[in-house]
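Structure first, then comments.
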Amino acid sequence: MVSKDITLKVPLHLIQARRLKHFYLLLTGFFMIILILWVGIPILMAVMWSLVDPKNPWSFPDIFPPSFSLAQWKYVFDYTNIGRALRTSYSLAPLAVFLSLVLSLPTSYVLGRKKIPGEKLFMLVVLLPIIMPGMVVALFLSRVFTAFGLSQTFFGLVLAHTLMSMPYMIRVMTTSFQAIPQDVIDAAENLGANTFVKIRDIFLPMIRPGLLAGMIFAFTVSIEEFNLTFVIGTPTFETIPTILYSFMGYNFIRTNASVVALLMMTPNIIMLFIVERFLKSDYLAASLGKM
Amino acid sequence: MKEKEILPLHFLMLIPGVGFILLFIGSSIFTTLVQSFGLFSITGQSEFTLENWKTILQARESMDSLFFSLKMGFLSSVGTVVVAFPIALFFRKGGTGKGILGSIIKVPLFIPALVAAFLILNLISYHGMVNTVLMRLNLIDEQLRMLNDKFGWGVVFIQIWKNLPFVLLIIMASIASIRDDTIDAARNLGAGYWSILFRMYVPLAMPGILVSMILMFIKAFGDFPIVSVAGPIYPSSMAGRMHIMATIYQEWDQAAVLGVIIIVTAFFVIWAYSRLAELVKGEG
Amino acid sequence: MAKLRIVDLTKRFDEVLAVDKLNLEVAEGEFVTLLGPSGCGKTTTLRTIAGFLYPDVGEIFFGDKIMNNVPPNKRNTAMCFQSYALFPHMTVWDNISFGLKMKKIKRQEQKKRVSKVMEMLGIGELAKRKPGELSGGQQQRVALARAIVTEPQILLFDEPLSNLDAKLRVQVRVEIREMQKRLGITTIYVTHDQDEALAISDRIVVMDRGHIEQVADPYTIYRAPETSFVAGFIGLANIFEGTIVARDGNRYTVEAPFGKIVIVSKDTKVSKASKTVKFIWRPEDMNIYTDGAPNRVEGKILQAVFMGNITDIFMDVNGNKMRAQTDESRKLIAGDLIEFSIPETAFSILRR
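Residue numbers (our numbering), protein chains in the order written: chain A, 1 to 291; chain B, 1 to 284; chain C, 1 to 352.
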């Protein structure tokens with residue numbers, strides 16, 4: 001019988017299959033190392049620079065700083081406006097989130113659940129703050145603001161941040177509203193629910209993940225916002241991005257910049273873990289991909 | 001799941017969202033356009049004129065800036081997509097470690113653009129780690145100028161580093177919509193690996209590829225902070241030039257011209273990319 | 001020389017043994033159906049033939065060529081998927097010509113072949129449309145066209161009709177069979193629908209949990225099932241076990257739980273030493289008792305379901321549950337006593 005002769009040796013296809021599996025495993029491992037370096041080294045560098053002891057400056061040919069100290073951190077907090085910048089950033093963000101939420105809710109509801117003529121056009125308009133080149137909008141919106149006395153005001157900044165957050169907020173919430181099956185609403189109505197009950201017991205709970213996602217995006221967008229804040233807010237107001245920018249300009253002090261960079265990054269990384277944990281990243285991809 | 005009935009109330013409900021955006025973006029664009037033609041000028045008289053346009057278009061610096069920004073836009077968008085696509089394919093099949101890998105690769109997404117610029121800048125600057133290591137390993141005799149270089153490689157690298165996860169997510173979503181059956185059918189009918197890549201994966205993932213390229217192009221083309229920090233002294237980017245023109249020289253009208261050029265170019269490129277995508281998709 | 005030969009095929013997925021030492025030979029031009037419930041290993045076997053899966057043990061031969069190491073795109077097989085798997089971004093024409101393009105067939109020749117196949121299947125006017133614009137039935141035909149235009153050595157079907165409505169299913173399965181007969185391509189067809197299998201196959205391979213229960217033509221599968229699984233999976237069956245009281249050639253007197261019967265076996269399957277025998281007969285073979293008819297069986301009707309052309313009867317015979325189907329015009333109701341006769345040749349003796 002032919003088969004007995006062939007199956008006595010280890011079949012070639014098995015070896016090949018095993019080799020393929022090993023190859024993939026190797027590739028994944030290799031890839032992971034590259035990735036950790038790709039992402040890790042830049043961050044590590046910033047951390048090290050922020051911990052350089054001013055008495056022992058770090059320069060070529062040292063691979064590592066000769067000694068570590070928290071002096072730079074102290075310096076940045078004592079002698080720069082970082083405290084002010086932090087306060088401004090973290091008071092702007094919640095306001096921007098709140099305002100964009102309030103403004104976006106009715107719009108998202110309509111776009112998500114009603115068939116509006118010209119829908120595509122409206123969706124495009126919603127995306128304009130993302131599509132339009134930032135500095136152009138910033139410069140000439142500041143002109144408009146100046147004409148209305150909104151330039152260099154806190155309120156002006158809130159408006160600007162809200163403007164930039166809204167596309168994300170609307171997109172994510174529209175998707176959320178869209179996902180509610182009509183059947184569920186019909187069933188609720190059938191059982192006697194009025195508008196208020198519908199909103200409280202059906203809509204709000206069902207869009208909660210989307211709401212949360214939208215708020216996180218909006219918050220992040222506001223914290224990172226640069227162009228508009230730079231033009232409309234400086235020098236009266238400083239936020240973390242603008243202060244970082246100033247440290248990278250003419251007075252480039254690597255150590256200061258490192259501290260500020262890390263300060264700016266940390267809440268975001270925490271946010272990363274929150275998002276990964278509690279939300280599906282499909283939301284992000286879906287809402288962006290649907291553009 | 002859309003209800004047929006539309007009331008005027010619904011249009012009213014659109015106003016807070018759409019209206020808000022339209023108001024602010026609209027007034028901004030309107031001002032840009034209008035100021036470029038000399039109207040609503042803050043300094044001096046307002047009258048319709050093409051002087052500003054002439055001045056800008058005739059200046060050598062303008063063309064250099066435009067070319068530079070276009071270069072940044074194309075290299076960043078194409079570069080990021082080219083790097084992201086194989087990674088997205090790799091992630092298509094689940095496997096050990098993909099979860100952790102997925103999280104690590106998403107980190108730059110949550111790092112603000114300026115911070116990313118700084119982090120990379122730190123690394124590749126004249127006295128940065130890369131140079132230090134290369135010198136120690138005696139691979140180079142003198143530090144490389146990777147930052148503020150004439151070509152703009154530093155900027156491109158920062159853009160790719162910062163935006164890779166963003167593009168990766170979009171493309172992965174696109175690829176996820178490709179059914180295994182479809183790929184099996186192609187294999188069954190004789191398609192080799194290259195055929196599958198270019199006839200199946202690329203056309204079917206085109207919506208995602210297109211969106212990412214467009215968004216990335218606009219970001220990189222119209223970028224201000226990254227280029228001003230990591231880019232060459234000359235030429236400046238379009239946005240950089242526009243900013244200086246307005247705030248330092250107080251030539252708002254000329255700045256407006258630059259602004260209009262930026263907007264028009266951005267939209268032109270969107271249109272061109274879409275046409276290209278249609279072509280590739282149709283080819284199959 | 002068999003067109004397809006599967007030798008000792010074994011495939012495991014983690015803990016599950018999907019296919020267990022499967023052996024099968026298929027002749028050139030034959031239409032063989034792999035039939036069985038989900039998880040029986042039929043799709044795994046099919047995908048192994050196609051090359052999407054590597055056998056853990058065993059070989060696949062096309063003719064005398066061993067195919068194990070040949071990748072799926074070099075095997076010259078063509079598969080029709082349950083979901084049709086049409087390329088959504090290509091027109092119908094491009095879909096159908098894809099396989100030819102991969103084989104680097106010249107444009108002119110491509111055009112000729114594609115047009116011919118499209119006409120054969122009646123989908124000529126759909127050439128410029130995209131799959132998304134087609135109905136289920138049309139998509140099915142395009143998938144079929146795409147497969148046969150490449151003139152494959154072996155045609156593979158993975159439950160191609162599951163997504164069609166009942167009426168269309170019956171119509172299309174006949175078309176598939178006629179097409180196959182005309183072209184004479186060796187075909188392996190996977191389905192869980194027994195009617196489909198009976199209607200169009202040259203031979204049926206009944207599978208359960210990774211191994212073959214029986215391989216035979218439809219008539220034999222139905223009339224002479226060899227195992228209780230086959231008997232129960234295809235058609236309705238009354239299955240019992242009894243003691244052999246007397247035998248005379250192929251005439252067995254059997255003491256069954258419900259009474260004494262005489263079985264005339266169609267083949268000498270029962271060994272001389274056997275004391276017991278397992279047997280089945282089909283409900284529709286039972287006739288209303290008339291004087292002198294063999295194997296009289298009397299039972300109380302538990303449920304009589306009138307279905308128009310037949311009445312389906314569930315009855316109790318001496319404590320044993322039995323099912324009968326008759327076209328008796330008399331109205332039958334639960335509680336009535338009824339008498340049936342079972343022809344002596346209606347029985348099949350089961351191996352297990």
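Backbone N, C-alpha and C fix where the C-beta goes; we use that ideal spot for every residue, glycine too.
Remember, it's a predicted structure, so these values are computed and weren't measured experimentally.
Contacting residues, own chain, Cβ-Cβ under 8 Å from THR311 (chain C) (five flanking each side not counted): Taking the first residue of the third sequence as 1, we reach residue 311 (chain C) at position 311. Once the five neighbours on either side are set aside, the close Cβ partners of THR311 (chain C) are ALA304, VAL305, GLN325, THR326, ASP327, GLU328 and LEU332.
Quick check: is the beta carbon of HIS89 (chain C) nearer than 8 Å to any beta carbon in chain F? No chain F is part of this structure, whose protein chains are labelled A, B and C.
Neighbour list for GLY371 (chain B) in chain C, Cβ cutoff strictly below 7 Å: Lying before the first or after the last residue shown, residue 371 (chain B) is absent from chain B, which here runs from 1 to 284.
Residues in the region 194–221 of chain B with C-beta within 9 Å of chain C's C-beta atoms, listed in sequence order? Listed in sequence order: SER195, ILE196, ARG199, MET200, PRO203, LEU204 and MET206.
Closer than 8 Å by beta-carbon distance: list the chain B residues that pair up with MET79 (chain C), in chain order. As a working mapping, residue 79 (chain C) is identified with position 79 in the third sequence. Those within 8 Å of MET79 (chain C) in chain B are ASP184, ALA185 and ASN188.
Determine the DSSP secondary structure at LEU137 (chain B), reduced to helix, strand or coil. As a position in the second sequence, residue 137 (chain B) is number 137, starting the count at 1. The answer is coil: DSSP assigns LEU137 (chain B) none of H, G, I, E or B.
Can you tell me which of the three DSSP states GLY335 (chain C) falls into? For this step, residue 335 (chain C) is matched to residue 335 along the third sequence. GLY335 (chain C) falls in the coil class under three-state DSSP.
Could you have a look at MET45 (chain A) and say whether DSSP puts it in helix, strand or coil? By 1-based counting over the first sequence, the position of residue 45 (chain A) is 45. DSSP places MET45 (chain A) in helix when its eight states are reduced to three.
Check the Cβ-Cβ distances between ALA85 (chain C) and every residue of chain B, and say whether any is below 8 Å. Numbered from its first residue, the third sequence carries residue 85 (chain C) at position 85. Contact with chain B is found for ALA85 (chain C), since one of that chain's Cβ atoms lies less than 8 Å from the residue's Cβ.
Sequence-distant residues of the same chain with beta carbon closer than 8 Å to LEU262 (chain A), five excluded per side: Mapped onto the first sequence, residue 262 (chain A) falls at position 262. Only residues of its own chain outside the window of five on either side were considered, and among them ALA46, VAL47 and SER50 have a CB closer than 8 Å to the CB of LEU262 (chain A), listed in chain order.
For ALA187 (chain A), return the contacting residues in chain B, with the cut-off set at a CB-CB distance below 7 Å. Reading the first sequence from its first residue, position 187 is the one you call residue 187 (chain A). Within 7 Å Cβ-Cβ: nothing; ALA187 (chain A) doesn't reach chain B, min ~14 Å.
Inside the region 204–245 of chain B only - alpha helix (DSSP H) runs reaching at least 4 residues: Here the runs fully enclosed are 206–221 and 225–230.
State buried or exposed for ASP267 (chain C), treating a residue as buried only when at least 16 other CB atoms are found within 10 Å of its CB. As a working mapping, residue 267 (chain C) is identified with position 267 in the third sequence. It is exposed - the Cβ of ASP267 (chain C) has fewer than 16 other Cβ atoms within 10 Å.
Under 8 Å by Cβ, that's how I've got SER165 (chain A) and ALA218 (chain A) pegged, so tell me the actual separation to the nearest angstrom. The count along the first sequence starts at 1 and reaches residue 165 (chain A) at position 165. The count along the first sequence starts at 1 and reaches residue 218 (chain A) at position 218. Confirmed, about 4 Å.
So the alpha helix (DSSP H) TYR249 (chain B) belongs to, where does it begin and stop? Stepping through the second sequence from its first residue, residue 249 (chain B) is reached at position 249. Taken as a continuous stretch (DSSP letters only), TYR249 (chain B) belongs to no alpha helix (DSSP H), as it is neither H nor E.
Count the C-beta pairs between the region 263–274 of chain A and the region 100–119 of chain B that are closer than 8 Å, then say yes if the count reaches three, no if not. Output reads yes: the region 100–119 of chain B touches the region 263–274 of chain A.
Entirely enclosed alpha helix (DSSP H) segments - the region 128–192 of chain A, minimum 4 residues: Fully enclosed alpha helix (DSSP H) runs of no fewer than 4 residues occupy 134–147, 154–178 and 182–190 of the region 128–192 of chain A, in order along the chain.
Determine, using beta carbons only, whether GLY134 (chain A) comes closer than 8 Å to chain B. If you number the first sequence from 1, residue 134 (chain A) lands on position 134. At a cut-off of 8 Å between C-beta atoms, GLY134 (chain A) counts as an interface residue with respect to chain B.
Where ALA127 (chain C) meets chain B, residues with beta-carbon distance less than 9 Å: Numbered from its first residue, the third sequence carries residue 127 (chain C) at position 127. Neighbours of ALA127 (chain C) on chain B: none; closest Cβ ~14 Å, over 9 Å.
So with CB distances below 7 Å, who are the chain A contacts of SER28 (chain B)? To locate residue 28 (chain B), count along the second sequence from 1; it is residue 28. What SER28 (chain B) touches in chain A: VAL137, PHE140, LEU141 and VAL144.
Name, please, each residue of chain B whose Cβ falls closer than 9 Å to the Cβ of ALA50 (chain C). Within the third sequence, numbered from 1, the residue matching residue 50 (chain C) stands at position 50. The contacting residues are ASP184, ARG187 and ASN188.
Per DSSP, which one or two residues make a beta bridge with SER341 (chain C)? In the third sequence, counting from the first residue as 1, residue 341 (chain C) sits at position 341. SER341 (chain C) is bridged to C:ASN287 and C:ARG296.
Is there a Cβ from chain B that is less than 8 Å from the Cβ of VAL39 (chain A)? Position 39 of the first sequence, counting from 1, holds the residue named residue 39 (chain A). Cβ-Cβ to chain B under 8 Å: yes for VAL39 (chain A).
Apart from the five residues just before and just after THR236 (chain A), which ones in its own chain have a Cβ nearer than 7 Å to its Cβ? Translated into positions along the first sequence, residue 236 (chain A) becomes position 236. Once the five neighbours on either side are set aside, the close Cβ partners of THR236 (chain A) are GLN152.
How close, in whole Å, do the beta carbons of SER177 (chain B) and ILE209 (chain B) come, if the pair is a contact with beta carbons under 8 Å? By one-based count along the second sequence, residue 177 (chain B) stands at place 177. By one-based count along the second sequence, residue 209 (chain B) stands at place 209. About 13 Å separates the two Cβ atoms, so there is no contact after all.
Leaving out the 5 sequence neighbours to the left and right, which residues in its chain are closer than 8 Å to LYS101 (chain C) when beta-carbon positions are compared? Working through the third sequence from its first residue, we reach residue 101 (chain C) at position 101. Around LYS101 (chain C): GLN110.
Which complete beta strand (DSSP E) runs does the region 35–93 of chain B hold, if anything under 3 residues is left out? Counting only runs of 3 or more, we get nothing.
Residues near PRO152 (chain C) by beta carbon distance below 6 Å, same chain, minus five either side: For the purposes of this step, residue 152 (chain C) is taken as residue 152 along the third sequence, with counting starting at 1. For PRO152 (chain C), the CB contacts under 6 Å within the same chain, skipping 5 residues up- and downstream, are ASN76, THR77 and ALA78 in chain order.
Top-ranked residue by Cα proximity to PHE230 (chain A), from A:SER142, A:LEU211, A:ALA188 and A:VAL184: By one-based count along the first sequence, residue 230 (chain A) stands at place 230. Cα-wise, what sits closest to PHE230 (chain A) is A:SER142.
So is ALA205 (chain B) buried or exposed if we call it buried at 16+ other beta carbons inside 10 Å? Taking the second sequence and counting its residues from 1, one reaches residue 205 (chain B) at position 205. Residue burial is scored here from C-beta neighbours: ALA205 (chain B) has at least 16 other C-beta atoms within 10 angstroms and is therefore classed as buried.
Short check: CB of ILE280 (chain C) to CB of ALA237 (chain C), under 8 Å? Position 280 of the third sequence holds residue 280 (chain C). Position 237 of the third sequence holds residue 237 (chain C). By the CB criterion at 8 Å, ILE280 (chain C) and ALA237 (chain C) fall inside the cutoff.
For ILE183 (chain B) and PRO86 (chain B), the rounded distance between their alpha carbons: Within the second sequence, numbered from 1, the residue matching residue 86 (chain B) stands at position 86. Within the second sequence, numbered from 1, the residue matching residue 183 (chain B) stands at position 183. Spanning the two alpha carbons is a distance of roughly 16 Å.
What residue from A:GLY249, A:PHE273 and A:ILE269 has the CA that sits closest to PRO112 (chain B)'s CA? Counting from one through the second sequence, the residue named residue 112 (chain B) turns up at place 112. With distances taken between Cα atoms, PRO112 (chain B) lies closest to A:ILE269.
Is PHE81 (chain C) closer than 8 Å to ASP181 (chain B) when the C-beta atoms are compared? The sequence position of residue 181 (chain B) within the second sequence is 181, counting from 1. The sequence position of residue 81 (chain C) within the third sequence is 81, counting from 1. The answer is yes: Cβ separation under 8 Å.
Going straight from the alpha carbon of PHE31 (chain A) to that of TRP161 (chain B), what length do you get? If you number the first sequence from 1, residue 31 (chain A) lands on position 31. If you number the second sequence from 1, residue 161 (chain B) lands on position 161. Linking PHE31 (chain A) to TRP161 (chain B) through their CA atoms gives a straight-line distance of about 16 Å.
How many Å lie between ASN256 (chain A) and SER91 (chain A) at the Cα? The residue labelled residue 256 (chain A) in the question sits at position 256 within the first sequence. The residue labelled residue 91 (chain A) in the question sits at position 91 within the first sequence. Going by the C-alpha atoms only, they are around 23 Å apart.
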